[in-house]
Each structure stands twice: as structure tokens, then as C-alpha cells.
Amino acid sequence: MIRFYYGSGSPFSWRVQLVLEEKGLAYEPVLLSFEKGEHKSPAHLARSPHGKVPALEDDGVSLYESSAIVEYLEERYPRTPLLPPDPAERARVRIEETAKASERLGFADHFHLDYRDGELPDDLDLRAAIVRRVRELRPEVVLCPDPTAVFFGDAYFNHRDHRVTGWATLDAVAPAAGNPHYFPDQIVDGLAVHHVRAVYLSGTLEPNCWVDISDVLERKIDALFCHASQLTETGDWFREFLRDRAEEAGRAAGVRYAEGFRRLTFGS
Ligand SMILES: N[C@@H](CCC(=O)N[C@@H](CS)C(=O)NCC(=O)O)C(=O)O
979 MIRFYYGSGS
989 PFSWRVQLVL
999 EEKGLAYEPV
1009 LLSFEKGEHK
1019 SPAHLARSPH
1029 GKVPALEDDG
1039 VSLYESSAIV
1049 EYLEERYPRT
1059 PLLPPDPAER
1069 ARVRIEETAK
1079 ASERLGFADH
1089 FHLDYRDGEL
1099 PDDLDLRAAI
1109 VRRVRELRPE
1119 VVLCPDPTAV
1129 FFGDAYFNHR
1139 DHRVTGWATL
1149 DAVAPAAGNP
1159 HYFPDQIVDG
1169 LAVHHVRAVY
1179 LSGTLEPNCW
1189 VDISDVLERK
1199 IDALFCHASQ
1209 LTETGDWFRE
1219 FLRDRAEEAG
1229 RAAGVRYAEG
1239 FRRLTFGS
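Numbering (our numbering) for the sequence shown: 979 to 1246.
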């Protein structure tokens, strides 16, 4: 029988517990009291050398670190996989999640460029695809990740796909979309050049503009939570963390909740 060591109110423990429940595995939960210091006892330190929860024992295997435990459970007990094993089915789940998020946000439309996770190349094809969308949709404002935001603190750096998306979108917006000498085949196809008025860069370390999101913060969080198969962090604490971040930006903007962007405006 699996033995699951956890602490009260511990989000890293929830992560493992959600997986145990989702996979329908039988397990014995063992609550360690933080107040009594049970997570620092010699017995627990033997399982989890940093004296943290969660930890898991299973058939002679002893593990700590929630993400390692989740990976172990997924591979050791594949009968109820967290995601469909078939890549096409997995892709379908992701597409459905995006559709749900888009609906929650009230988007008029959304589309996929069908690149695989972690494999987005900053090449001519990607720029051409974005330029084509810009020339078709003719937006006033384009939003994309800030590709210059690389290091967030000393424990996280920006995912490569985000950085590539940011650079490719910026290069597509200006000068490409507005210049007939870039991707002239699209002009031959009947598309006209388009000049975007502003780009808002999200996830930036250098915000110069704040948008009041007080009325829509919960909707934003709900939309994020629609991407369930992509989230390793779930639960109320994560919702609270997102609120805290918006509150911090709100202080800079003088409103309750805000989101900071680096805004670039072109022309007059
Ligand atoms: N990276 C670890 C983090 C575990 C962790 O920080 N656990 C917290 C509870 S959420 C803990 O045991 N804290 C007690 C302590 O650090 O003394 C994981 O993913 O399992």
C-alpha cells in the first residue's frame, strides 16, 4: 500500500494527493504536524532529507519532491493516465482546454498554429503565419510575451516558447505586416499591408502601462485554470498567489487589481 506523508495546508502535498485521487490509487495518508515539528523528526528526515512534505513510500521505494513523485506515480501506475496516452488525444485535450479558456474570456475567435510544446522555431514560417493573421485580422493592438524578460528571480527563467513567440510577433508586427516587400506572396493572395498601432508585452519586467483588471481578475484566473492538463499548480493557494500578484501591480496603478505591460506605440 502506498503511504503518503503530507502536511496540513501544504500545496505541494495537494499536488500529489490530487494525482493519487485522480488515478484512483489506494493509499494511506499520514499527516505530519508542522507545529509539533514531525516533518523534522529523524524518521521523516530519512525519507525526505530537507524535512519537507510531501513524501511517499511505495513497495520499498521512498520518494520526496512532489513533481518527482507525480512522475513516478504516472509511470508506475499507467492504468489511469493523467493525460490520454495517444498524442492525438492529448492534443485534443489541449485544444478543448484552449476553447474553454477562450469562451470564459469572451474571445470572438481563437486559432492554433499547431506547434509542439517546446519546439517553436523562430523562423520565416512562424513569422509568415503571424504576419498573415495580422494582415487578415487588422488589429489595432497586438499582445505578446515580452521576449526580453528572461530571468524572474533566481529560481525561474522564461520558457523558450514564450521568448520565441515574443520576438516572432514583434518582428511580424513591424516592419513585416506593414511593408509590402515582406511576404509579398500574401499581397498577391489579396491581403493588404497593415500597420498595428500598439503592442502590449505581457510578463514583462519593465512595465510602463497598467490595465485595471479589478472587474475581470476572477475570470482571468478561471481561464488560466481551464488549462488543467498544463498546470502543475492547482488549488486555492494558487488562485490566491495570482490575486496577490495582481494586487501588487494594482498598488503601482492605484487600483485594486492591475496587470502591467510594456507598451510600444507606433506612429501618431
Ligand atoms: N520542492 C518541494 C517543496 C516542498 C515544500 O516546500 N513543502 C513545504 C510544505 S508546502 C514544507 O514541507 N515546509 C516545511 C519546511 O520547509 O520546514 C516539493 O515540490 O515537494
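Using N, Cα and C, we set each Cβ at its ideal position, and we do this for glycine too.
Spatial neighbours of residue 1023 in its own chain (CB-CB distance under 7 Å, excluding positions within 5 residues in sequence) are listed in chain order as 1029.
According to DSSP, residue pairing for residue 1188 in a beta bridge involves 1238.
In the DSSP assignment, residue 1176 is bridged to 1119 and 1243.
By the 16-neighbour rule on beta-carbons within 10 angstroms, residue 1073 is exposed. Scanning its chain for C-beta atoms nearer than 7 Å, with the 5 sequence neighbours on each side dropped, one finds around residue 1154 the residues 1105, 1109, 1160 and 1161, in chain order. By the C-beta density criterion, residue 1208 is exposed, having fewer than 16 other C-beta atoms within 10 angstroms. Closest in alpha carbon position to residue 1060, among 1070, 1015 and 1048, is 1048.
According to the DSSP secondary-structure assignment, residue 980 is paired through a beta bridge with 1005. For residue 1030, the shortest C-beta to heavy atom distance toward ligand 1 is below 7 Å.
Nearest in C-alpha terms to residue 1147, of all of 1051, 993 and 1124, is 1124.
Taking C-beta separations shorter than 8 Å and ignoring five residues to either side along the sequence, the partners of residue 1055 in its chain run 1001 and 1003, following chain order.
Burial state of residue 1134 is exposed, judged by a 10 Å Cβ sphere holding fewer than 16 other Cβ atoms.
Pairing residue 1082 with residue 1214 gives a Cβ-Cβ distance that is not under 8 Å.
For residue 991, there is no enclosing beta strand (DSSP E); the residue is part of the alpha helix (DSSP H) that begins and ends at 989 to 1000. Spanning the alpha carbons of residue 998 and residue 1052 requires a straight line of approximately 10 Å. Partner residues in the beta bridge of residue 1033, as assigned by DSSP, are 983 and 1042. Distances from the alpha-carbon of residue 1120 to those of 1080, 1242, 1090 and 1231 put 1242 closest. Distance from the CA atom of residue 1157 to the CA atom of residue 1179, rounded to whole angstroms, is 22 Å. Annotated three-state conformation of residue 1055 is coil, per DSSP. If you draw a 10 Å sphere on the C-beta of residue 1182, you find 16 or more other C-beta atoms in it, and that means buried. Looking only at 1086, 1080, 1138 and 1116, the smallest Cα-Cα distance to residue 1094 is reached by 1138. By the CB criterion at 8 Å, residue 1196 and residue 1240 fall outside the cutoff.
Residue 985 sits close to residue 1010, with the two beta carbons spaced by under 8 Å.
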